[in-house]
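Going by full-length UniProt numbering, the sequence shown opens with residue 1, and the numbers climb by one from there. Virtual Cβ for every residue (Gly too), placed ideally from N, Cα, C. Quick caveat: nothing in here was measured; it's all calculated off a predicted structure.
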Amino acid sequence: MTKIVDLRGDSRILGPTNAKRNVSQVTKIARHHSATSTGDVWAFQNHWNGTLGWGTGGYHEIILRDGTVQWCYFDNDVTNGVGGHNTPTYHICLVGNSSFTAEQEKAFEERAKAAMQRFGLSVNDVLGHNEFSGHTSNICPGINMNTVRERLRAGNNLTHDQIILASPPKTSGNYVGKLEVFNELQLGIFRIAGWLVPINGAAYLNQGYVFWMDADNPNVEIGRCKSAGIIRDDVNAAYGLPSGLRFGLDGTLDIRKFAGKRVFPMLRRTNDPNGNTINGQTIDIRFPEYVLTIPKR
């Protein structure tokens with residue numbers, strides 16, 4: 001699976017100063033190339049701000065030569081990828097000048113499909129920069145988009161696990177959480193995994209738990225599991241936290257006695273050793289959009 005460096009909300013990212021949009025306004029996904037042989041968001045920001053005077057970058061995501069994705073802006077941020085078309089467009093850029101690596105193409109396919117799923121779009125909604133009106137003379141994205149769309153059509157169905165892994169992190173107050181696994185690990189055992197970290201100097205909450213919540217009664221807990229502290233230095237680095245912090249979460253639950261129940265995942269950090277809430281010392285991030293039915297066997 002593609003390596004994603006989540007920089008959204010990172011103070012080092014330019015702006016954003018553009019007006020926000022409602023995510024429901026997004027109707028297109030644009031592919032770009034950087035027209036450079038190398039580079040990353042830090043190099044491109046110097047041009048965007050220093051030369052062009054922009055207060056927001058050009059792309060939501062940048063795919064580096066090795067296939068690593070720098071995820072720079074939230075879905076409701078309007079970036080500056082295609083003049084006159086930015087409010088309804090989600091922008092993905094591949095570093096390169098009309099020549100891209102296999103790792104980049106694999107990453108683009110994954111990220112484009114993830115964006116299509118989030119915004120409810122089809123392959124026909126994925127356009128190259130020069131396919132937008134007023135930009136037909138532009139050589140960007142440096143590739144025949146009919147070929148790109150055919151590749152997307154060839155494997156258009158994401159698996160459940162791919163959808164979960166590609167889902168965006170959620171922010172609640174001064175904490176960010178990401179669901180990475182929600183499935184049946186083995187017969188009768190459901191698994192939840194992800195991470196939940198503090199931002200903006202928020203307190204480090206010592207205990208990590210994963211919860212299975214009743215989808216039909218969302219405030220009712222079906223079960224919980226205490227997670228061992230898991231070091232996630234990729235996440236720590238992305239949010240400017242010290243290395244070695246154990247904010248990764250992973251837990252399992254024997255669900256056989258709950259047959260027929262529909263459940264969704266919730267991540268919790270708290271200072272209560274039993275995983276209960278303490279006023280001002282507990283944060284929950286819920287994912288009710290992902291529901292599994294516990295099978296009857």
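Practice item. Following the continuous alpha helix (DSSP H) through Glu-44, name the residue where it begins and the one where it ends. Key: Checking the displayed sequence, the identity of residue 44 turns out to be Phe instead of Glu. Counted as a single uninterrupted DSSP element, the alpha helix (DSSP H) harbouring Phe-44 occupies residues 41-45.
Review point. Is the segment 108-116 close to the segment 148-166, with three or more CB pairs under 8 Å?
Key: yes
Check your understanding: Is Gln-104 near Gly-67, with beta carbons less than 8 Å apart?
Key -> Yes. Within cutoff.
Practice item. Could you check the C-alpha separation between Arg-286 and Thr-136 for me, to the nearest Å? Key: 43 Å
**Study point:** Thr-293 burial status per 10 Å Cβ neighbour count (16 or more: buried)
**Key:** exposed
Practice item. Report the option in Val-235, Tyr-290, Gly-244, Asn-206 whose CA atom is closest to the CA atom of Thr-277. Key: Taking each of Val-235, Tyr-290, Gly-244, Asn-206 in turn and checking the Cα distance to Thr-277, the smallest one comes out for Asn-206.
Review point. Can the beta-carbon of Ile-13 be found closer than 8 Å to that of Cys-93?
Key: no
Practice item. Return the residue from the list Met-266, Leu-64, Arg-256, Gly-15 that minimises the CA-CA distance to Leu-185. Key: Arg-256
**Study point:** Start and end residues, beta strand (DSSP E) containing Asn-183
**Key:** 175-186
Practice item. Using only alpha-carbon positions, find the residue among Arg-224, Arg-65, Val-26, Asn-86 that is nearest to Gly-134. Key: Asn-86
Review point. Just to confirm, are Arg-118 and Asp-75 a CB contact at a threshold of 8 Å?
Key: Yes, they are a contact pair.
Exercise for review: Would you list the residues sitting across from Pro-198 in a DSSP beta bridge?
Suggested key: Tyr-175
Point to revise | Beta-carbon contacts of Val-220 that lie in its chain and below 8 Å, excluding the five residues immediately before and after | key: Met-213, Asp-214
Practice item. Report yes if the C-beta distance between Ile-189 and Thr-252 is below 8 Å; otherwise report no. Key: Yes.
**Study point:** Complete runs of the beta strand (DSSP E) confined to the UniProt domain "N-acetylmuramoyl-L-alanine amidase" (16-142) [at least 3 residues]
**Key:** Complete beta strand (DSSP E) runs here, min 3: 28-33, 61-63, 69-71, 89-94, 126-128.
Check your understanding: For Ile-230, which three-state DSSP category applies?
Key -> strand
Practice item. Compare the C-alpha of Arg-151 against each of Ala-107, Pro-242, Gly-177 and name the closest. Key: Cα-wise, what sits closest to Arg-151 is Ala-107.
Exercise for review: Would you mind stating whether His-33 and Pro-141 have Cβ atoms separated by less than 8 Å?
Suggested key: yes
Review point. Relative to the C-alpha of Asn-271, which residue among Asp-216, Lys-296, Tyr-209 is closest?
Key: Tyr-209
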